[in-house]
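**Q** Here it is, the structure in full.
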Amino acid sequence: MPEQVLSLNGLSKRFGSVVANDDVSLTLRRGEVLALLGENGAGKTTLMNMLFGHYLPDAGTIDVSDEAGRMRPLQLGHPQAALAAGIGMVHQHFTLAENISALDNITLGSEPLLALRRDRKAARAKIEGIIEKSGLKAPLSIPVGRLSVGERQRVEILKALYRDARVLVLDEPTAVLTPQEADTLFENIKAMTNEGLSVIFISHKLREVLAFSDRIAVLRHGVKVGELETSAADEKAIARMMVGAETPKVSRERMAAGAPVMQLKGVSVVGRSKRDTLQCVDLEVRAHEILGIAGISGNGQNALAQVISGLAVPTAGAIHIVDSEISKPTPQAMVSAGVGRIPEDRHREGIVGAMTVAENMVIERLGDMQVQSRGLLRRDAIQSNAKKLAKEYDVRGPGVTAPSRLLSGGNIQKLILARVFEHAPKLILANQPTRGLDMGAAAEVGRRLLEARERGAGVVLISEDLDEILGLADRIVVIRDGQLTETESHDRERIGLMMAGEAA
Ligand SMILES: Nc1ncnc2c1ncn2[C@@H]1O[C@H](COP(=O)(O)OP(=O)(O)OP(=O)(O)O)[C@@H](O)[C@H]1O
Ligand SMILES: [Mg+2]
């Protein structure tokens, strides 16, 4: 029996009326990979935040082994104590400072500034050593704001490893990675566990949970409802544990496409990097149609999404939305033309975390008469609108007057869905819409997109999840190096090869 490195004992935490964790106990062994599962809002992040000292539990204790392997009580509510005890956490949302380099981000806070300057070379050497061992590659010298999501994620992990973490907590580490990147990441993690690292990771992707964990623990409504060895688990059993029942499959009917709702003609975008570049693309989306854009991240999806949402102005080409040409694209012009947007990074682009749930639900139409009158926001109308939408779209959490940053990841996405679908947009841009969502919530997004399609909307679905595209799209276009290629094929492998640029 390998030695224990961590023991959570009867942890409870409530936020007002929400019981986020209720008497949760959990142990972790040396070299073990434990997957922590549960629906959106089940309390996974809260539990890990107590381990890391971000939240003070209402009840319970935590023991961590010291370097000699003796279990010692952890001082609760102190991130510094958790760090010193060898606990590293990579958060669900990025925490890096965007204007400074990865190197500075990684070393920031772990050494006094003066020492930092003196030991820069040593720091860099240590990081390069970790990169070598782990394979977690990222540019170290340019500002983090210019890195791709995948690179940022690797920098977050490097930062934890740089601080000599013995227990590494990863909150949805692969939500932003391609399947290939995710597999590589887990292979690296497995290699590190051979050197004694213990890992807890949170994920909604059962495939990777089954492939890479040793043990599985499941939370439901804040309570630990099950724990089992991965070798004894299968998808159905876990799904049942998580939701108490199996999730229904989304069914999709054939439908004849209508008139075009979006046309891009020879659109080019010149960007700083590949992900921000489009090379003279033509694209048409019709009413009653879901167009899937498949591709490995960083191949121009970002530029395409920005064009459709009015955030990037093409250097060449024309954009038509429904009947009108958009000569001066701005986000407002696109919304007015009938575009609804589910952004890729819901935290950075989807919501304003400090504003209330209710305010976020109307944020894209602050000029509306229902929302304001003579420049004053109509609080009552905004709140009753929010209550109605929260009910209809099942947005759960601390209530519509709470700041939206307090919602769990899945509930933030439901908030955005409510905002977008409420106005029956003619064109919906869905950029990685189910990233980080549990099965139930992901199925809900699929159902809503199909509903919109039935109603007559056209949908551009950008996703790295090929299964999602195969399940929802009427037509599939592969994006690679800023260029689009339509494919008749709905064959997984063939499209995968096209994404990798290995077949025309
Ligand atoms: N600081 C907070 N204040 C109020 N409520 C909170 C706070 N943090 C979390 N909650 C609530 O506690 C519950 C558990 O949230 P938590 O973030 O732990 O869920 P999760 O399992 O990580 O979900 P997801 O898979 O969506 O990330 C949710 O209902 C959430 O709204
Ligand atoms: Mg979470």
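Just so we're aligned: 110 in the numbering used here is position 110 of the sequence shown, and the numbers increase by one with no gaps anywhere. C-beta: ideal position from N, C-alpha, C; glycine also.
Quick check: the region 133 to 151 against the region 181 to 195, are there 3 or more CB pairs under 8 Å?
**A** Flag = yes, the region 133 to 151 and the region 181 to 195 touch.
**Q** Take residue 193 and list the residues in its own chain whose beta-carbon comes closer than 8 Å to its own, dropping the five residues that flank it on each side.
**A** By 1-based counting over the sequence shown, the position of residue 193 is 193. Answer for residue 193: 31, 32, 33 and 199, listed in chain order.
**Q** Please list the segments of the alpha helix (DSSP H) lying wholly inside the region 292 to 349, counting only runs of 4 or more residues, in order along the chain.
**A** With a minimum length of 4 residues, the continuous alpha helix (DSSP H) runs that stay inside the region 292 to 349 are 301 to 308 and 331 to 337.
**Q** Taking 8 Å as the threshold, find out whether the region 430 to 438 comes into contact with the region 172 to 184 through three or more Cβ pairs.
**A** Contact between the region 430 to 438 and the region 172 to 184 is present, because at least three Cβ pairs lie under 8 Å.
**Q** Starting from residue 23, trace the beta strand (DSSP E) both ways and give me its first and last residue.
**A** By 1-based counting over the sequence shown, the position of residue 23 is 23. Its beta strand (DSSP E) spans residues 18 to 29.
**Q** Could you check whether the Cβ of residue 345 sits closer than 7 Å to any heavy atom belonging to ligand 2?
**A** Translated into positions along the sequence shown, residue 345 becomes position 345. Result no, Cβ not under 7 Å from ligand 2.
**Q** Report back the beta-carbon spacing between residue 415 and residue 360 to the nearest angstrom; my notes put them in contact at under 8 Å.
**A** Taking the sequence shown and counting its residues from 1, the one referred to as residue 415 is at position 415. Taking the sequence shown and counting its residues from 1, the one referred to as residue 360 is at position 360. Going by Cβ atoms, the distance from residue 415 to residue 360 rounds to 6 Å, so yes, they are a contact pair.
**Q** Is the beta carbon of residue 354 sitting closer than 8 Å to the one on residue 382?
**A** Residue mapping note: residue 354 aligns to position 354 of the sequence shown, counting from 1. Residue mapping note: residue 382 aligns to position 382 of the sequence shown, counting from 1. Not a contact, by the Cβ cut-off of 8 Å.
**Q** If contacts are defined as beta-carbon pairs under 8 Å, then residue 272 and residue 146 qualify, I think. What distance do you get, rounded to the angstrom?
**A** Residue numbering aside, residue 272 sits at position 272 when the sequence shown is read from its first letter. Residue numbering aside, residue 146 sits at position 146 when the sequence shown is read from its first letter. About 7 Å; that satisfies the 8 Å criterion.
**Q** Could you spell out where the alpha helix (DSSP H) holding residue 137 opens and where it closes?
**A** Position 137 of the sequence shown holds residue 137. Segment: none, residue 137 is in no alpha helix (DSSP H) and carries neither H nor E.
**Q** Just mark residue 73 as buried or exposed, buried being the case when its beta carbon has 16 or more other beta carbons within 10 Å.
**A** Stepping through the sequence shown from its first residue, residue 73 is reached at position 73. Classification for residue 73: exposed.
**Q** Is there contact here, the region 400 to 411 with the region 332 to 342, by at least three beta-carbon pairs under 8 Å?
**A** Short answer: they don't touch.
**Q** With a CB to CB cut of under 7 Å and the five nearest residues on each side skipped, what residues in its chain are close to residue 265?
**A** For the purposes of this step, residue 265 is taken as the residue at position 265 of the sequence shown. Once the five neighbours on either side are set aside, the close Cβ partners of residue 265 are 282, 317 and 318.
**Q** My output table needs one value for residue 477: the three-state DSSP class, helix, strand or coil.
**A** In the sequence shown, counting from the first residue as 1, residue 477 sits at position 477. Residue 477 falls in the strand class under three-state DSSP.
**Q** Strictly closer than 7 Å from CB to any heavy atom of ligand 2: give me those residues in the order they appear in the chain.
**A** Qualifying residues come out as 44, 45, 92, 171, 172, 202, 408 and 409.
**Q** Any idea what DSSP makes of residue 256, helix, strand or coil?
**A** As a working note, residue 256 is residue 256 in the sequence shown. The answer is coil: DSSP assigns residue 256 none of H, G, I, E or B.
**Q** In terms of residue numbering, what span does the beta strand (DSSP E) encompassing residue 145 cover?
**A** Here residue 145 corresponds to residue number 145 of the sequence shown, with the count starting at 1. Where residue 145 is concerned, there is no enclosing beta strand (DSSP E), given that its DSSP letter is neither H nor E.
**Q** By a C-beta neighbour count over all protein chains shown, 10 Å radius and 16 as the cutoff for buried, is residue 259 buried or exposed?
**A** For the purposes of this step, residue 259 is taken as the residue at position 259 of the sequence shown. Under this definition residue 259 is an exposed residue.
**Q** Using only the heavy atoms of ligand 1, determine whether one of them is closer than 7 Å to the beta carbon of residue 38.
**A** Numbered from 1 along the sequence shown, position 38 holds the residue referred to as residue 38. Under cutoff, so the answer is yes.
**Q** Where does residue 79 sit, in a helix, a strand or coil, going by DSSP?
**A** Looking up residue 79 in the sequence shown gives position 79. Looking at residue 79 - three-state DSSP - the assignment turns out to be helix.
**Q** Let me check you understand the geometry: is the CB of residue 34 closer than 7 Å to at least one non-hydrogen atom of ligand 1?
**A** One-based indexing of the sequence shown puts residue 34 at position 34. No - ligand 1 has no heavy atom lying nearer than 7 Å to the Cβ of residue 34.
**Q** Quick one: is the Cβ of residue 453 within less than 7 Å of any heavy atom of ligand 1?
**A** As a first step, residue 453 must be located in the sequence shown, where it is residue number 453. Checking every heavy atom of ligand 1 against the Cβ of residue 453, none is found closer than 7 Å.
**Q** Pick helix, strand or coil for residue 283, following the three-state DSSP scheme.
**A** For the purposes of this step, residue 283 is identified with residue 283 of the sequence shown, where counting begins at 1. Strand.
**Q** If you compare alpha carbons, which of 323, 477 and 469 is closest to residue 263?
**A** Against the sequence shown, residue 263 aligns to sequence position 263. The option with the nearest alpha carbon to residue 263 is 323.
**Q** Apart from the five residues on each side of it in sequence, which residues of its chain come closer than 8 Å, Cβ to Cβ, to residue 490?
**A** For the purposes of this step, residue 490 is identified with residue 490 of the sequence shown, where counting begins at 1. Only 470 and 476 meet the Cβ criterion.
**Q** DSSP state of residue 157, grouped into three classes?
**A** One-based indexing of the sequence shown puts residue 157 at position 157. It is helical.
**Q** Select from 217, 139, 106 and 180 the residue whose C-alpha is nearest the C-alpha of residue 163.
**A** Taking the sequence shown and counting its residues from 1, the one referred to as residue 163 is at position 163. Nearest option by C-alpha distance: 106.
**Q** Kindly list the residues whose CB is nearer than 7 Å to the CB of residue 181, restricted to its own chain and excluding five residues on each side of it in sequence; keep chain order.
**A** Numbered from 1 along the sequence shown, position 181 holds the residue referred to as residue 181. Excluding positions up to five away in sequence, the list reads 150.
**Q** How many whole angstroms separate the CB atoms of residue 62 and residue 101, which I take to be in contact at a CB cut-off of 8 Å?
**A** Counting from 1 along the sequence shown, the entry for residue 62 is found at position 62. Counting from 1 along the sequence shown, the entry for residue 101 is found at position 101. Actually they are not in contact, since the Cβ atoms of residue 62 and residue 101 sit about 34 Å apart, beyond 8 Å.
**Q** Between residue 49 and the rest of its own chain, which residues show a CB-CB distance below 6 Å, the 5 nearest in sequence each way excluded?
**A** Within the sequence shown, the letter at position 49 stands for residue 49. Closer than 6 Å at Cβ, skipping near neighbours: 55.
**Q** Leaving out five residues on either side along the sequence, give the residues of the same chain with a beta carbon under 7 Å from the beta carbon of residue 468.
**A** In the sequence shown, residue 468 corresponds to position 468, counting from 1. Result list for residue 468: 434, in chain order.
**Q** Would you say the beta carbon of residue 175 is closer than 7 Å to some non-hydrogen atom of ligand 1?
**A** On the sequence shown, residue 175 is found 175 positions in, with the first residue counted as 1. Result no, Cβ not under 7 Å from ligand 1.
**Q** Quick check: the region 211 to 226 against the region 13 to 29, are at least 3 beta-carbon pairs closer than 8 Å?
**A** Touching, yes, given that three or more Cβ pairs across the two stretches are closer than 8 Å.
**Q** Between the alpha carbons of residue 449 and residue 380, how many angstroms are there, rounded?
**A** Your numbering for residue 449 matches position 449 in the sequence shown. Your numbering for residue 380 matches position 380 in the sequence shown. Cα-Cα distance, rounded: 30 Å.
**Q** Using a Cβ-Cβ cutoff of less than 6 Å, which residues in the same chain neighbour residue 464 once the five nearest sequence positions on both sides are dropped?
**A** The residue given as residue 464 occupies position 464 in the sequence shown. Taken in chain order, the residues that qualify are 178 and 297.
**Q** Can you say whether residue 231 is buried or exposed, counting buried as having 16 or more other CB atoms within 10 angstroms of its CB?
**A** Residue mapping note: residue 231 aligns to position 231 of the sequence shown, counting from 1. By the neighbour-count rule (16 or more Cβ atoms within 10 Å), residue 231 is not buried but exposed.
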